[in-house]
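The next block holds one structure in the form of structure tokens; read it before the comments.
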Amino acid sequence: MSYRYQKLIKIPYHTSTAHPRMPLMERAAIFLPFAALSGFDDEVAEVRQKHLQSYEVPDDLRQE
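So the sequence shown is numbered by the working numbering: it starts at 76 and just counts up by one.
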């Protein structure tokens with residue numbers, strides 16, 4: 076069986092002599108999630124707190 080890219084698989088990976096490899100921890104930081112909407116989490120927490128304060132527990136659940 077012949078593969079179209081079999082020659083490419085055998086080519087060694089190029090490593091730069093001028094630039095050292097980036098440490099894995101720094102590479103991982105690039106892909107960390109970021110807060111696209113600044114302050115959004117605070118607003119959600121505030122609204123949630125307001126709803127929890129206004130919520131009344133039914134009597135049958137209160138006894139449990």
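Backbone N, C-alpha and C fix where the C-beta goes; we use that ideal spot for every residue, glycine too.
Cutting at 7 angstroms between CB atoms, please list the residues of its own chain near residue i, excluding the five before and the five after it.
i, result
"H89", "none"
"F109", "none"
"R102", "none"
If I measure Cβ to Cβ from residue i and keep anything under 8 angstroms in the same chain, skipping five residues before and after, which residues do I get?
i, result
"R140", "One cannot answer for residue 140 here, as it falls past the ends of the chain, which runs 76 to 139."
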